[in-house]
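Engineer: Pasting in a structure now, in structure tokens, and then I'll have a few things to ask.
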Amino acid sequence: MKNMEEARQEASDYKELAMIDDEIKNARILVEGIFDRRMSKITQYAAICAAGTKINLDGLTRAEKNVFDALVKALERGREEILMPALEVRSTRNVAKNILGGATTKEQPIESSLSLNKDVGEEVMMVKVLRDVPRFVGVDGRQYQLSGEDVVVLPKANALVLCNKNIAIPLQNQQG
Numbered sequence: 001m002k003n004m005e006e007a008r009q010e011a012s013d014y015k016e017l018a019m020i021d022d023e024i025k026n027a028r029i030l031v032e033g034i035f036d037r038r039m040s041k042i043t044q045y046a047a048i049c050a051a052g053t054k055i056n057l058d059g060l061t062r063a064e065k066n067v068f069d070a071l072v073k074a075l076e077r078g079r080e081e082i083l084m085p086a087l088e089v090r091s092t093r094n095v096a097k098n099i100l101g102g103a104t105t106k107e108q109p110i111e112s113s114l115s116l117n118k119d120v121g122e123e124v125m126m127v128k129v130l131r132d133v134p135r136f137v138g139v140d141g142r143q144y145q146l147s148g149e150d151v152v153v154l155p156k157a158n159a160l161v162l163c164n165k166n167i168a169i170p171l172q173n174q175q176g
């Protein structure tokens, strides 16, 4: 590229200058294409390496190796912050819980903890969940993650949707 720039400076006529400009333009396109393909491969290799597979990095320049290392670190950090919490298994089977926030214990079952929350001002419904349900946001803006056999108190609109889809069965209608 530097040689072409020097030749451009020494060009004697318009045709030669135009030809050198075209060569410079083509060379830039070629170099950028090579760069993009190498970065694409480095990105793919980093993803593979971050997933735990060993990669042969013999053909990388020092600068490319730095990019590779930074990508691997970022991908591993992403895996820890995004994937691992999503895969975290919580034991929630057969645990009665009051999703409205009241503590549910032997001394204070769901029914009495529900009565403490009458100021919530929304219609709620107690249901038994029949199978696992992916995390969702209820009409009250709260996030719910339900497992089969859970007994929960949900906003009535959400509870009815689950019951209509045969995912839950109503246990009793506390309000409304």
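Residue numbers for the sequence shown, in full-length UniProt numbering: 1 to 176.
Every residue gets a Cβ at the ideal spot worked out from N, C-alpha and C, and that includes glycine.
What alpha helix (DSSP H) runs, 4 residues minimum, are completely inside the stretch 32-90?
Structural biologist: Runs found: 62-78 and 84-87.
Engineer: What does a CB cutoff of less than 8 Å around V31 pick up in its chain, not counting 5 residues either side in sequence?
Structural biologist: Reading the sequence shown from its first residue, position 31 is the one you call residue 31. Contacts found: M1.
Engineer: Among the residues of its own chain, which have a CB less than 7 Å from the CB of F68, if the five just before and after it don't count?
Structural biologist: Against the sequence shown, residue 68 aligns to sequence position 68. If we look at F68 and ignore the five residues flanking it on each side, its Cβ neighbours are I42, Y45, A46, L57 and L60.
Engineer: In the DSSP assignment, the alpha helix (DSSP H) including L130 goes from what residue to what residue?
Structural biologist: Working through the sequence shown from its first residue, we reach residue 130 at position 130. Where L130 is concerned, there is no enclosing alpha helix (DSSP H), given that its DSSP letter is neither H nor E.
Engineer: Out of V153, F35 and V139, which has the shortest C-alpha to C-alpha gap to V127?
Structural biologist: Start at 1 with the first residue of the sequence shown, and residue 127 comes out as number 127. Of the listed residues, the one whose Cα sits closest to V127 is V153.
Engineer: Give the single residue among V161, Q9 and M19 whose Cα lies nearest to the Cα of V139.
Structural biologist: Along the sequence shown, one-based indexing puts residue 139 at 139. For the residues V161, Q9 and M19, the minimum Cα distance to V139 belongs to V161.
Engineer: E81 to M4, Cα distance in whole Å?
Structural biologist: As a working note, residue 81 is residue 81 in the sequence shown. As a working note, residue 4 is residue 4 in the sequence shown. One C-alpha to the other measures close to 48 Å.
Engineer: So I167 packs on R142, CB below 8 Å; how close in whole Å?
Structural biologist: What you label residue 167 is simply residue 167 of the sequence shown in a count that begins at 1. What you label residue 142 is simply residue 142 of the sequence shown in a count that begins at 1. That belief does not hold up - the Cβ atoms of I167 and R142 are roughly 18 Å apart, past 8 Å.
Engineer: Assign A159 to buried or exposed, taking buried as 16 or more other Cβ atoms, counted over all protein chains shown, within 10 Å of its Cβ.
Structural biologist: Counted from its first residue, the sequence shown places residue 159 at position 159. Classification for A159: buried.
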